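Visitor: Position 119 (the sequence shown) corresponds to 248 in our numbering; numbering is contiguous.
All C-beta atoms in this analysis are idealised placements derived from N, C-alpha and C, irrespective of residue type, glycine included.
Just so you know, these numbers come straight off a predicted model, no measurement behind them.
Below you'll find the structure I mean.
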Amino acid sequence: MQTVKVLAGGAGVGIIGVVAFVLSGIYNIAATAPHWPITLFVLKVARDRSIAAHSSGVQLPDLKNSKLVAHGVEHFHEMCRLCHGAPGYPRQEFAEGLYPSPPNPASVVVQEKSDAELYWIIENGVKMTGMPVFGSTHNRELIAGILALVRQLPKLSPDEYDALMKSGGLHESGGEMHHGSTGSRGNTASPDTNK
Ligand code: HEC
130 MQTVKVLAGG AGVGIIGVVA FVLSGIYNIA ATAPHWPITL FVLKVARDRS IAAHSSGVQL
190 PDLKNSKLVA HGVEHFHEMC RLCHGAPGYP RQEFAEGLYP SPPNPASVVV QEKSDAELYW
250 IIENGVKMTG MPVFGSTHNR ELIAGILALV RQLPKLSPDE YDALMKSGGL HESGGEMHHG
310 STGSRGNTAS PDTNK
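Put into structure tokens, the structure is as follows:
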């Protein structure tokens with residue numbers, strides 16, 4: 130009985146401490162103050178476990194379908210490139226200030242994820258990171274197209290990426306949605322920026 134009382138008392142003090150900490154404003158929410166290594170570790174494990182569990186039932190179309198890639202490149206260029214970069218297109222300045230930082234989609238840490246996991250991330254976004262939800266604005270085919278393109282990124286040179294965009298009709302459409310698609314190429318420091 131004595132032990133139960135001590136445990137309950139300890140838990141009570143702990144809860145009051147957490148509430149006091151939260152209400153005091155001591156916690157620094159600034160993106161310039163990185164998480165402690167232990168917090169980062171817990172967040173990373175929680176994120177990866179959550180993505181693995183939630184993506185287990187995802188049904189994917191055939192990602193080898195070349196039409197999917199042609200659709201995907203246009204949407205990747207408009208929706209993803211500014212934060213993540215693309216072959217020959219470094220990510221935008223504002224993306225340098227995001228915390229956590231948007232990873233290079235051609236990198237091993239992204240490519241080692243399963244198709245189902247990547248599809249799920251693009252469809253649902255990642256809370257409190259800046260990674261948006263695309264499932265509310267893009268249908269299954271388009272998300273599969275974007276994913277098919279993401280899978281091609283490690284192999285694509287800047288010229289091949291541009292050629293793919295042309296074959297996808299991006300530069301020819303001239304539509305309002307695509308006005309940013311040319312011009313930024315000039316900022317490219319080197320074709321290797323995305324490696
Ligand atoms: C506003 C910036 C922004 C845009 C736009 C954006 N992302 Fe992200 N994305 C992020 C950030 C930040 C992360 C890191 C999330 C994390 O650390 O868990 C991320 C994470 C990801 C990941 C997970 C990588 C990993 O290994 O955990 C994938 C895949 C991804 N984005 C793909 C895309 C695709 C595809 C698009 C376009 C359809 C896109 N993103 C658009 C910011 C963005």
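1) My output table needs one value for Val97: the three-state DSSP class, helix, strand or coil.
2) Let me check understanding here. Comparing Cα to Cα, which of Trp249, Phe263, Gln240 and Arg280 lies closest to Gly186?
3) Quick one: does the C-beta of Thr168 sit closer than 6 Å to a heavy atom of the ligand HEC?
4) Closer than 6 Å by C-beta to Arg210: which residues in its own chain qualify, once you throw out the five before and the five after it? Chain order, please.
5) I need the boundaries of the alpha helix (DSSP H) containing Pro231, first residue and last residue.
6) Does the contact criterion of 3 or more C-beta pairs under 8 Å hold for the region 237-248 versus the region 180-195?
7) Taking 8 Å as the limit between beta carbons, can you name the residues of its chain near Glu289, skipping five residues before and five after?
8) Note down, in chain order, each residue of its chain lying with its Cβ closer than 6 Å to the Cβ of Gly274, except the 5 sequence neighbours on either side.
9) In chain order, what residues of the same chain lie with their CB nearer than 7 Å to the CB of Met306, ignoring the 5 residues before and after it?
10) For Gly303, count the other beta carbons within 10 Å of its own beta carbon; 16 or more makes it buried, fewer makes it exposed. Which is it?
11) Quick one: any contact between the region 260-274 and the region 166-173, if contact means 3 or more CB pairs under 8 Å?
12) Taking the beta carbon of Phe263 as the centre, do at least 16 other beta carbons fall within 10 Å, making it buried, or is it exposed?
13) Taking 8 Å as the threshold, find out whether the region 231-243 comes into contact with the region 160-167 through three or more Cβ pairs.
14) Mind checking whether the beta-carbon of Gly259 lies closer than 6 Å to any heavy atom of the ligand HEC?
15) Report, in whole angstroms, the separation of the C-beta atoms of Pro231 and Cys212, which I expect to be a contact under 8 Å.
16) With a 10 Å radius around its C-beta and 16 neighbouring C-beta atoms as the bar for buried, classify Asp291 as buried or exposed.
Guide: With the structure as the only source:
1) The chain is shown only over 130 to 324; residue 97 falls outside these bounds and no answer can be derived.
2) Trp249
3) no
4) Tyr218
5) It is not in any alpha helix (DSSP H) - Pro231 carries neither H nor E in the DSSP assignment.
6) yes
7) Pro216
8) Only Leu197, His200 and Gly201 meet the Cβ criterion.
9) Any reading at Met306 must be qualified, since the residue scores a pLDDT of 38, below 50, and its modelled position is unreliable; the value itself is stated next. Excluding residues within five positions, the ones whose Cβ falls inside 7 Å are Glu207.
10) In this prediction, Gly303 has a pLDDT of 39, which is less than 50 and means its spatial position is unreliable; what the coordinates show is noted afterwards. The residue in question, Gly303, is exposed, as its Cβ has fewer than 16 Cβ neighbours within 10 Å.
11) no
12) For Phe263, the number of other beta carbons within 10 angstroms of its own is at least 16, and it is reported as buried.
13) no
14) At least one heavy atom of the ligand HEC lies less than 6 Å from the C-beta of Gly259.
15) About 4 Å; that satisfies the 8 Å criterion.
16) buried
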